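Visitor: In the working numbering, the protein residues as written are 716 to 1109.
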Ligand SMILES: Cc1cc2nc3c(=O)[nH]c(=O)nc-3n(C[C@H](O)[C@H](O)[C@H](O)COP(=O)(O)OP(=O)(O)OC[C@H]3O[C@@H](n4cnc5c(N)ncnc54)[C@H](O)[C@@H]3O)c2cc1C
């Protein structure tokens, strides 16, 4: 089949990898002018994620780029450590930077897949036999299937499923993330500082440049997700007067080329497909922080492509089966992520102290740490990965 994928971050190239291996003709269209770097560390945890990476043939390439992050120290305003987030829990079994993951996926697919950067879909019209797609570049083409892998603000979702506010559940947490030259001598470790409703995290996963994350809690704040100048301004205002070394990080933000900002949002749809169009990854079922979003995207890509092959291209049956299999798995991740604001951006000094006490305790009480790790991994492993026939790599 001739298949169009919108979005070249994680879900899109992961799906392209499988579809091309099954012999489909795959085009990926990405709005950005080139593959996007940047972003925080993302992790894979438990047997389901790791087995999926094995089957993709990417585990070794990702292991080479693993962050091997140590603990993240939680500090007070003077910089003194008061607790720590244990890496055994927060870095999963294999942690890589999102930009590294996207680069590995792209490298593994670029020979077999047609990538078109700097373009996007503007119209989709489908009938029983195919999908007509208009692009911003003025091109027009007919495909057999279209997959929306274009993230939380998915253009495919908007065009095919509508712009209903019922699809999005904002968690009220906003985050700005960027890279800056190392100034804090962090070697594969991190530091977190919180004031009510705001957290600053700096980490150096590869021992070089620092990745800075500035998160705050403010349900209902509106912003333009295309206007990065406005987003930087919002961060500056929210973090004005925040202590520790926040002022120097705000100055570095202005110089950062890979600044990324978004609100943590969950996507909930009654159906992930409509006719010949299907959604995967954050476009269809974003969970938010701690919701296993990256793992769900790669597992979902495997299942979607595998079911299409099993159904011999009968897309309706394949999309239905993909959804039946993945929905309960996605739901556990989304439920887990719903609690993330309490941990990321506690809203009072009392709640900050409670969080810090909790992490201090699990650090020194191994049985509690094991229980916490069990809960953190449980949602990622709650899936029976189907066995699909996969043609050997040539
Ligand atoms: C630059 C960047 C940085 C990120 N940083 C973090 C982070 O620090 N922490 C975190 O938890 N998550 C981050 N994410 C999101 C994270 O990658 C996803 O939650 C997860 O990996 C699932 O990936 P996805 O491919 O479904 O969606 P995404 O990773 O969001 O990718 C969507 C892709 O679609 C592209 N796109 C958007 N609209 C269109 C359109 N209309 N047409 C064509 N292409 C389009 C985007 O440019 C992007 O490349 C980041 C995403 C990006 C793109």
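Glycine is no exception: its CB is placed at the ideal position from the N, C-alpha and C atoms. Predicted model only: the values in this text are computed from it and were never measured.
By the 10 Å Cβ neighbour count, where 16 or more other Cβ atoms means buried, how is residue 823 classified, buried or exposed?
Guide: Within the chain shown, numbered from 1, the residue matching residue 823 stands at position 108. By the 10 Å Cβ count, residue 823 comes out buried.
Visitor: Pick from 794, 970 and 781: whose alpha carbon is nearest that of residue 806?
Guide: Translated into the one-based positions of the chain shown, residue 806 becomes position 91. When each option's Cα is compared against that of residue 806, the closest is 781.
Visitor: List the endpoints of the continuous alpha helix (DSSP H) containing residue 837.
Guide: As a position in the chain shown, residue 837 is number 122, starting the count at 1. Here residue 837 belongs to no alpha helix (DSSP H); instead the beta strand (DSSP E) covers 836-841.
Visitor: Which of the three DSSP states, helix, strand or coil, is assigned to residue 975?
Guide: Sequence index remark: in the chain shown, residue 975 carries index 260 (1-based). Correct three-state label for residue 975: strand.
Visitor: Look at the Cβ atom of residue 926, then the Cβ atom of residue 934, and state whether they are nearer than 8 Å.
Guide: As a position in the chain shown, residue 926 is number 211, starting the count at 1. As a position in the chain shown, residue 934 is number 219, starting the count at 1. Not a contact, by the Cβ cut-off of 8 Å.
Visitor: Consult DSSP for residue 1005 and reduce its assignment to one of helix, strand or coil.
Guide: Position 290 of the chain shown, counted from the first residue, corresponds to residue 1005. Residue 1005: coil per DSSP, three-state reduction.
Visitor: Would you say the beta carbon of residue 1004 comes nearer than 7 Å to a heavy atom of ligand 1?
Guide: Here the question's residue 1004 lines up with position 289 in the chain shown. Yes.
Visitor: Do residue 737 and ligand 1 come close, with the Cβ less than 7 Å from some heavy atom?
Guide: Taking the first residue of the chain shown as position 1, residue 737 is located at position 22. No, the beta carbon of residue 737 sits no closer than 7 Å to any heavy atom of ligand 1.
Visitor: If you compare alpha carbons, which of 744, 1061, 905 and 962 is closest to residue 924?
Guide: By one-based count along the chain shown, residue 924 stands at place 209. Closest by alpha carbon: 905.
Visitor: In angstroms with no decimal places, state the Cα-to-Cα distance between residue 1038 and residue 987.
Guide: The residue given as residue 1038 occupies position 323 in the chain shown. The residue given as residue 987 occupies position 272 in the chain shown. Taking the straight line joining both Cα atoms gives about 7 Å.
Visitor: Does residue 933 come out as helix, strand or coil in the three-state DSSP assignment?
Guide: Against the chain shown, residue 933 aligns to sequence position 218. If DSSP states are grouped into helix, strand and coil, residue 933 belongs with coil.
Visitor: When the distance is taken between beta carbons, is residue 870 closer than 8 Å to residue 836?
Guide: For the purposes of this step, residue 836 is taken as residue 121 along the chain shown, with counting starting at 1. For the purposes of this step, residue 870 is taken as residue 155 along the chain shown, with counting starting at 1. Yes.
Visitor: Taking contact to mean 3 or more Cβ pairs, one atom from each stretch, closer than 8 Å, check whether the region 720-731 and the region 891-910 are in contact.
Guide: No, because fewer than three Cβ pairs between the region 720-731 and the region 891-910 fall closer than 8 Å, the two stretches do not touch.
Visitor: Considering only the beta carbon of each residue, do residue 1085 and residue 801 sit closer than 8 Å?
Guide: Working through the chain shown from its first residue, we reach residue 1085 at position 370. Working through the chain shown from its first residue, we reach residue 801 at position 86. For residue 1085 and residue 801, no; Cβs fall outside 8 Å.
Visitor: Does the region 975-984 come within contact of the region 996-1012, defined as at least 3 CB pairs closer than 8 Å?
Guide: With the cut-off at 8 Å, the region 975-984 and the region 996-1012 touch.
Visitor: Helix, strand or coil: how does DSSP classify residue 759 here?
Guide: In the chain shown, counting from the first residue as 1, residue 759 sits at position 44. Strand at residue 759.
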